[in-house]
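Q: One structure, as structure tokens, below. Some questions next.
There are 2 protein chains.
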Amino acid sequence: MAPVRNARVVFNSVPTGYPEPGKTVVYDDSKTIDIENVPLNGGLLIKTLVLSIDPYLRGRMRAPEVKSYSPPFTIGEPLASHGVGVVIRSELADVKPGDHVYGVFSHEEYNVRKSSEGLKVLKNEHNLPWSVYVGAAGMAGKTAYMAWKEFSRAKKGETAFVTTGGGPVGSLVIQLAKLDGLKVIASAGSEEKVKFMKEIGADVAFNYKTTNTAEVLEKEGPIDVYWDNVGGQTLDDALQAANVYARFIECGMISGYNTGQKPIHNAMLIVGKSLSINGFIIGRLEHKYNDEFYATIPAKLASGELKFTEEVTTGLDKVGDVILAVQKGQNKAKAVIKVADE
Amino acid sequence: MAPVRNARVVFNSVPTGYPEPGKTVVYDDSKTIDIENVPLNGGLLIKTLVLSIDPYLRGRMRAPEVKSYSPPFTIGEPLASHGVGVVIRSELADVKPGDHVYGVFSHEEYNVRKSSEGLKVLKNEHNLPWSVYVGAAGMAGKTAYMAWKEFSRAKKGETAFVTTGGGPVGSLVIQLAKLDGLKVIASAGSEEKVKFMKEIGADVAFNYKTTNTAEVLEKEGPIDVYWDNVGGQTLDDALQAANVYARFIECGMISGYNTGQKPIHNAMLIVGKSLSINGFIIGRLEHKYNDEFYATIPAKLASGELKFTEEVTTGLDKVGDVILAVQKGQNKAKAVIKVADE
């Protein structure tokens with residue numbers, strides 16, 4: 055068989071504000087790969103099926119001298135994000151052709167990897183679409199589940215405030231909080247997301263673009279648990295509305311990723327209210343909760359006990375557009391790129 | 055016996071910046087008390103011996119409509135702070151004349167109290183001066199000991215950064231951190247305090263007024279535990295210098311008590327570094343650690359195993375001056391007002 059196209063998405067330049075499709079990242083279809091003959095050197099060849107587009111990717115689009123929790127992307131090299139692929143060839147004992155694997159994938163149609171390190175073979179007993187394994191049953195779902203377990207110390211009758219409640223992380227947090235018996239206040243940036251948040255059980259759901267967050271919290275709080283995906287003014291509002299002993303789960307601060315983080319003015323309330331504020335990166339919780347996550351969450355997603363939404367866009371060439379949409383909050387649900395059918 | 059003077063210190067007006075002696079608080083010696091005949095109504099009469107002057111008192115000098123963790127002082131009424139007194143008369147079964155008691159005292163030479171609620175009878179087996187029971191063996195010492203136990207998760211070989219390390223709380227934190235095997239970086243606002251911090255074991259001690267905090271932390275960090283008594287720019291510097299998984303103990307933010315809190319710019323690092331930030335009010339930890347504190351700390355203070363300093367000023371009329379000195383960091387050690395001899 056002749057070599058086939060192996061298109062990829064390359065990190066082209068560090069953005070100063072929002073990432074620009076075609077400038078920040080560039081789709082490149084000039085490469086090819088000889089699927090049957092490419093040397094594996096003891097490794098494996100994977101065909102990429104789906105890729106996850108997440109808010110945190112903006113943080114990797116930076117100059118290499120800026121330190122952060124995740125390594126910067128390299129100019130001229132492909133992006134990388136969580137994905138699911140199918141194994142085409144394997145010289146490894148623990149992975150065989152036809153297996154579906156989850157892990158961090160290079161943004162290429164085909165990947166040669168030296169080992170199975172960082173890859174999880176998905177059994178998919180519940181017959182979920184593969185896209186779900188990069189969303190509610192993947193990194194996004196783990197983020198919600200593991201940090202809620204680790205940090206919320208939720209007690210029945212308490213009140214939680216969840217930001218980006220229409221997204222893949224926030225929507226699962228809303229449902230976990232309701233299962234724990236909390237009153238849930240949830241915010242998002244569109245009427246469609248507000249409607250979805252109500253459907254999945256939020257007691258109070260509002261559009262932060264048209265409703266004043268501080269006023270909602272003043273009326274519906276105080277809050278005992280705050281799930282922060284946005285930072286900035288909303289974090290200040292949550293500090294103001296916090297109950298004594300409240301727990302803040304700091305998952306992300308997307309309000310500042312592209313336009314600079316707004317300063318926080320209410321930090322003194324951390325002392326006055328005996329607050330507990332925990333930041334986290336999901337990779338640091340996975341060793342503790344991975345088994346229980348896969349044992350429980352995919353089944354609940356398949357049965358409908360836990361609800362999720364996703365917005366699947368077909369084509370590796372759409373990565374740049376979808377990255378921008380996610381940074382602007384214009385995606386309607388968990389953003390997934392479908393790269394190929396099986 | 056004729057009535058005797060019962061001088062007091064009255065809260066006179068809400069300060070806008072630093073508290074002003076004679077304006078914010080006023081010494082009033084017009085009152086008298088008939089020690090032998092004042093009706094106790096089943097309670098007790100206490101003669102005030104020492105009173106503690108602490109940074110947090112500034113927070114109680116506010117308009118009553120401003121909410122905070124401690125109630126505001128009432129205009130026209132005496133101040134209150136931790137103190138030790140000797141019981142003169144008692145109609146209670148659990149407290150007898152001659153007992154020394156610790157608790158929150160009204161700023162008066164003599165106090166009639168309805169009950170012994172909130173008072174602890176001090177046995178003083180180690181023969182410490184009573185002033186120590188409002189400092190290293192009192193609220194300040196408890197603050198250091200209990201929060202370090204509760205939140206530091208200190209491991210040998212880690213690095214701690216302690217602010218206001220020359221003060222009663224910070225100096226004990228430095229010593230507890232050294233006992234736990236940490237490298238200790240400590241800051242204070244005078245050369246005298248820097249010298250003291252070195253004497254009690256700080257590995258790196260500096261005067262933040264003449265040395266750049268960020269540069270010290272860049273060189274000597276990263277830091278695993280941050281003891282924050284100051285907030286503002288120093289908190290931002292600590293966020294910048296924090297190691298992953300660092301624990302921040304938020305005890306106070308005196309840099310903003312009189313001039314307004316400076317905003318915090320590095321909050322996003324809470325996420326990126328998986329930080330754990332805990333605010334606290336000592337009253338919320340006492341039930342858990344009070345017995346072990348009194349069983350261990352006074353003995354170590356008496357033996358010299360733990361070192362402390364204090365600056366005792368004689369005279370209830372000096373309260374206003376000492377409050378201002380503490381807010382400005384001009385006190386040389388734990389500030390105590392000696393009201394009377396036994």
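Taken in sequence, the protein lines are chains A and V. Using our numbering, the first residue of the first sequence is number 55, and each one after it goes up by one. Using our numbering, the first residue of the second sequence is number 55, and each one after it goes up by one. Yeah, the Cβ is synthetic: ideal placement off N, Cα and C, and Gly gets one too.
(1) Whole angstroms is fine: what's the gap from D148/V's alpha carbon to E359/V's?
(2) At the 8 Å Cβ level, is Q315/V part of the contact set with chain A, yes or no?
(3) May I ask you to list the residues that DSSP assigns as paired with V79/V?
(4) Spell out whether any CB of chain A is found under 8 Å from the CB atom of A399/V.
(5) Which residues of the stretch 334-352 of chain V have a Cβ closer than 8 Å to any Cβ of chain A? Give them in chain order.
(6) Rounded to whole angstroms, what's the CA-CA distance from G219/V to D282/V? Just pull it up for me.
(7) Using 8 Å for Cβ pairs, my map puts D88/A next to P57/A. What's the rounded Cβ distance?
(8) When the Cα of M307/A is compared with those of A300/A, Y299/A, R301/A, K316/A, which residue comes out closest?
(9) Quick check for students: name the residue ranges of the beta strand (DSSP E) that lie wholly in the stretch 157-232 of chain A, counting only runs of 3 or more.
(10) Under a CB-based cut-off of 8 Å, is E304/V close to chain A?
(11) Please check if any C-beta of chain V sits within less than 8 Å of the C-beta of K210/A.
(12) Roughly how many angstroms lie between the CA atoms of G157/A and I142/A, to the nearest whole one?
(13) For F127/V, which residues in the same chain have their Cβ closer than 7 Å to its Cβ, ignoring the five residues on either side in sequence?
(14) According to a CB-to-CB cut-off of less than 8 Å, which residues of the stretch 268-285 of chain V neighbour chain A?
(15) Between K372/V, K382/V, L230/V, which lies nearest to V390/V when the distance is taken from Cα to Cα?
(16) Write down the C-beta distance between P75/V and G374/V rounded to the nearest angstrom, noting that I regard them as a contact closer than 8 Å.
(17) Residues in the same chain with beta-carbon distance under 6 Å from F334/A, minus the five sequence neighbours each way, listed in chain order, please.
(18) Given a cut-off of 8 Å on the beta-carbon distance, is the pair W184/V and V104/V in contact?
(19) Counting C-beta neighbours from all protein chains within 10 Å, is the total for M251/V 16 or more, i.e. buried, or is it exposed?
(20) Report the rounded CA-to-CA distance for Y280/A versus K210/V, giving the unit in angstroms.
(21) Please confirm if L293/A has its CB atom under 8 Å from at least one CB of chain V.
(22) Can you list the residues of chain A that K327/V reaches, using a CB-CB cut of under 8 Å?
(23) Under a CB-based cut-off of 8 Å, is R182/V close to chain A?
(24) So, under 8 Å CB-CB, G137/A and T102/A are touching, yes? Tell me the CB distance rounded to an integer number of Å.
(25) Could you name the residues of the stretch 136-163 of chain A whose beta carbon sits closer than 7 Å to any beta carbon of chain V, in the order they occur along the chain?
(26) S225/V and F362/V - do their beta-carbons sit closer together than 8 Å?
(27) Could you check whether the Cβ of I324/A sits closer than 8 Å to any Cβ belonging to chain V?
(28) Among the residues of its own chain, which have a CB less than 6 Å from the CB of I239/A, if the five just before and after it don't count?
(29) Closer than 8 Å, CB to CB, is L289/V near chain A or not?
(30) For the beta strand (DSSP E) holding G137/A, just list the boundary residues, first then last.
(31) Determine which residues of the stretch 56-78 of chain V have a Cβ less than 7 Å from any Cβ of chain C, and write them out in chain order.
(32) In the DSSP assignment, find the unbroken beta strand (DSSP E) run with V258/V in it and report its ends.
(33) Let me make sure I understand the geometry here. Which of Y110/A, D234/A, G152/A has the alpha-carbon closest to that of E396/A?
(34) Can you tell me which of the three DSSP states A387/A falls into?
(35) Given L94/V, which residues of its chain have a CB within under 8 Å of its CB, disregarding the five upstream and five downstream residues?
A: Checking against the coordinates, here is how it stands:
(1) Counted from its first residue, the second sequence places residue 148/V at position 94. Counted from its first residue, the second sequence places residue 359/V at position 305. Their Cα atoms are separated by approximately 33 Å.
(2) Taking the second sequence and counting its residues from 1, one reaches residue 315/V at position 261. Interface residue, yes.
(3) To locate residue 79/V, count along the second sequence from 1; it is residue 25. Partner(s): F65/V, P75/V.
(4) Past the edges of chain V, shown from 55 to 396, lies residue 399/V, and the structure says nothing about it.
(5) F334, I335, R338
(6) For the purposes of this step, residue 219/V is identified with residue 165 of the second sequence, where counting begins at 1. For the purposes of this step, residue 282/V is identified with residue 228 of the second sequence, where counting begins at 1. Cα-Cα distance, rounded: 10 Å.
(7) For this step, residue 88/A is matched to residue 34 along the first sequence. For this step, residue 57/A is matched to residue 3 along the first sequence. The pair is a contact, with the Cβ atoms about 4 Å apart (cut-off 8 Å).
(8) Numbered from its first residue, the first sequence carries residue 307/A at position 253. If we check each option's Cα against that of M307/A, K316/A comes out closest.
(9) 164-167, 213-216
(10) Counting from one through the second sequence, the residue named residue 304/V turns up at place 250. Interface residue, yes.
(11) Working through the first sequence from its first residue, we reach residue 210/A at position 156. For K210/A, the answer is no, since every Cβ of chain V falls outside 8 Å of its Cβ.
(12) Taking the first residue of the first sequence as 1, we reach residue 157/A at position 103. Taking the first residue of the first sequence as 1, we reach residue 142/A at position 88. Distance between the alpha carbons of G157/A and I142/A: 16 Å.
(13) Locating residue 127/V in the second sequence gives position 73, counting from the first residue. So the list reads F65, R114, M115, L133, once near-sequence residues are dropped.
(14) G285
(15) As a first step, residue 390/V is located in the second sequence; it is residue number 336 there, counting from the start. Considering only alpha carbons, the answer is K372/V.
(16) Position 21 of the second sequence, counting from 1, holds the residue named residue 75/V. Position 320 of the second sequence, counting from 1, holds the residue named residue 374/V. With a Cβ gap of about 3 Å, P75/V and G374/V count as contacting.
(17) For the purposes of this step, residue 334/A is identified with residue 280 of the first sequence, where counting begins at 1. Counting only Cβ-Cβ distances below 6 Å, and skipping sequence neighbours, we find A201.
(18) For the purposes of this step, residue 184/V is taken as residue 130 along the second sequence, with counting starting at 1. For the purposes of this step, residue 104/V is taken as residue 50 along the second sequence, with counting starting at 1. Yes; because the gap between Cβ atoms is below 8 Å, this pair is in contact.
(19) Counted from its first residue, the second sequence places residue 251/V at position 197. Classification for M251/V: buried.
(20) Counting from one through the first sequence, the residue named residue 280/A turns up at place 226. Counting from one through the second sequence, the residue named residue 210/V turns up at place 156. Taking the straight line from one Cα to the other gives about 33 Å.
(21) Numbered from 1 along the first sequence, position 239 holds the residue referred to as residue 293/A. With 8 Å as the cut-off, L293/A does not count as an interface residue toward chain V.
(22) Numbered from its first residue, the second sequence carries residue 327/V at position 273. By Cβ distance, chain A contributes Y123, G333.
(23) On the second sequence, position 128 is the one that residue 182/V refers to. According to the sequence as given, residue 182/V is Leu; it is not Arg. Answer no: the Cβ-Cβ gap between L182/V and chain A never drops below 8 Å.
(24) Taking the first residue of the first sequence as 1, we reach residue 137/A at position 83. Taking the first residue of the first sequence as 1, we reach residue 102/A at position 48. The pair is a contact, with the Cβ atoms about 6 Å apart (cut-off 8 Å).
(25) none
(26) Counted from its first residue, the second sequence places residue 362/V at position 308. Counted from its first residue, the second sequence places residue 225/V at position 171. Going by C-beta atoms, F362/V is nearer than 8 Å to S225/V.
(27) Mapped onto the first sequence, residue 324/A falls at position 270. Closer than 8 Å: yes.
(28) By one-based count along the first sequence, residue 239/A stands at place 185. Cβ within range, chain order: F215, V258, E274.
(29) Sequence index remark: in the second sequence, residue 289/V carries index 235 (1-based). Yes, L289/V lies at the interface with chain A (some Cβ there is under 8 Å from its Cβ).
(30) Here residue 137/A corresponds to residue number 83 of the first sequence, with the count starting at 1. Per DSSP, G137/A belongs to the beta strand (DSSP E) from 134-144.
(31) The structure shown contains no chain C; its protein chains are A and V.
(32) One-based indexing of the second sequence puts residue 258/V at position 204. 258-261 is the extent of the beta strand (DSSP E) around V258/V.
(33) Taking the first sequence and counting its residues from 1, one reaches residue 396/A at position 342. Of the candidates Y110/A, D234/A, G152/A, the one whose C-alpha sits nearest the C-alpha of E396/A is G152/A.
(34) Counted from its first residue, the first sequence places residue 387/A at position 333. Three-state result, A387/A: coil.
(35) Against the second sequence, residue 94/V aligns to sequence position 40. Here the set comprises R143, S144, E145, V166.
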